[in-house]
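What follows is one structure encoded as structure tokens, with my remarks underneath.
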Amino acid sequence: MLKIILILIAVVVVLYACTRSPGHKPDQSFQAYFDAISQHPASHQADAKQQMQRVFADMSEGATAETIEAVYAKDLYFNDTFKIITDRDKLVEYLSETAQNADTKVEILEVIKSDDDYYVRWRMQMAFSAVGKDIESNSVGISQLRFNEHGQITFQHDFWNSSEAFYEHLPFIGRFLIKIKQRL
Numbered sequence: 000m001l002k003i004i005l006i007l008i009a010v011v012v013v014l015y016a017c018t019r020s021p022g023h024k025p026d027q028s029f030q031a032y033f034d035a036i037s038q039h040p041a042s043h044q045a046d047a048k049q050q051m052q053r054v055f056a057d058m059s060e061g062a063t064a065e066t067i068e069a070v071y072a073k074d075l076y077f078n079d080t081f082k083i084i085t086d087r088d089k090l091v092e093y094l095s096e097t098a099q100n101a102d103t104k105v106e107i108l109e110v111i112k113s114d115d116d117y118y119v120r121w122r123m124q125m126a127f128s129a130v131g132k133d134i135e136s137n138s139v140g141i142s143q144l145r146f147n148e149h150g151q152i153t154f155q156h157d158f159w160n161s162s163e164a165f166y167e168h169l170p171f172i173g174r175f176l177i178k179i180k181q182r183l
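Below you can see the structure in the form of structure tokens.
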């Protein structure tokens with residue numbers, strides 16, 4: 000009897016996890032990216048490496064309201080694959096909270112300037128705890144940046160494998176994602 004109840008609970012949890020939340024839009028990130036590109040003009044000259052390092056080199060020191068407000072413009076687009084944020088005050092909250100919950104360090108490997116954008120290639124180390132499990136993760140990525148005339152970031156879109164670097168390390172969901180990945 001206990002076995003049947005546990006199986007039913009597991010089925011309910013899996014079915015619930017497969018449903019979409021009412022506000023979920025499957026292509027939200029895709030559309031937001033192109034909307035933001037059109038709303039934030041070509042980049043002005045800036046020191047992309049220095050600006051990224053101020054916040055991300057060691058987030059426990061750099062993710063302060065004062066630093067984030069100096070580095071990021073009030074009107075912005077920020078997408079790190081976890082969240083899309085368009086308000087600097089919300090970005091301050093988000094990055095400050097992230098810094099409190101994870102020991103995150105980013106090393107800038109290369110900066111490339113195109114006609115309109117800067118591309119910053121980086122390596123990130125994260126250490127955090129989830130459901131009592133200590134997790135260490137390493138990943139690489141690229142951030143596409145645009146700057147205003149004051150050298151502040153107005154547009155940041157991160158390209159990196161958040162599944163491999165974060166979600167696959169989480170208890171329960173990680174094993175599920177790895178199994179799906181193995182079947183592809």
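Position 52 (the sequence shown) corresponds to 51 in numbering that gives the first Met the number 0; numbering is contiguous.
Just so you know, even glycine gets a beta-carbon here, dropped at the ideal spot from N, CA and C.
Where does residue i land, buried or exposed, given buried means 16+ other C-beta within 10 angstroms?
i: H39; result: buried
i: L108; result: exposed
i: G140; result: buried
i: S42; result: buried
i: S113; result: exposed
i: H156; result: buried
Can you give the Cα-Cα distance for residue i and residue j, rounded to whole angstroms?
i: F154; j: E60; result: 22 Å
i: R145; j: S136; result: 28 Å
i: R182; j: E68; result: 44 Å
i: I111; j: F158; result: 15 Å
i: Y32; j: F77; result: 9 Å
i: G131; j: D102; result: 16 Å
i: D34; j: D79; result: 16 Å
i: A129; j: N100; result: 10 Å
Could you check where the beta strand (DSSP E) with residue i kicks off and where it finishes?
i: T85; result: 83 to 86
i: A191; result: Look at the range of the chain in this structure, 0 to 183, and you will see that residue 191 is not part of it.
Could you give the residue range of the alpha helix (DSSP H) that holds residue i?
i: Q27; result: 27 to 38
i: T66; result: 64 to 70
i: A195; result: The chain is shown only over 0 to 183; residue 195 falls outside these bounds and no answer can be derived.
i: G61; result: 58 to 61
What whole-angstrom Cβ distance do residue i and residue j have, given they're in contact under 8 Å?
i: D72; j: R87; result: One point to set straight first is that residue 72 is Ala, not Asp, in the sequence displayed. With 8 Å as the limit, A72 and R87 qualify as a contact, their Cβ atoms being about 7 Å apart.
i: I83; j: S28; result: 6 Å
i: F55; j: V105; result: 4 Å
Checking 8 Å against the spacing of the C-beta atoms, do residue i and residue j come in under that value?
i: V119; j: S142; result: yes
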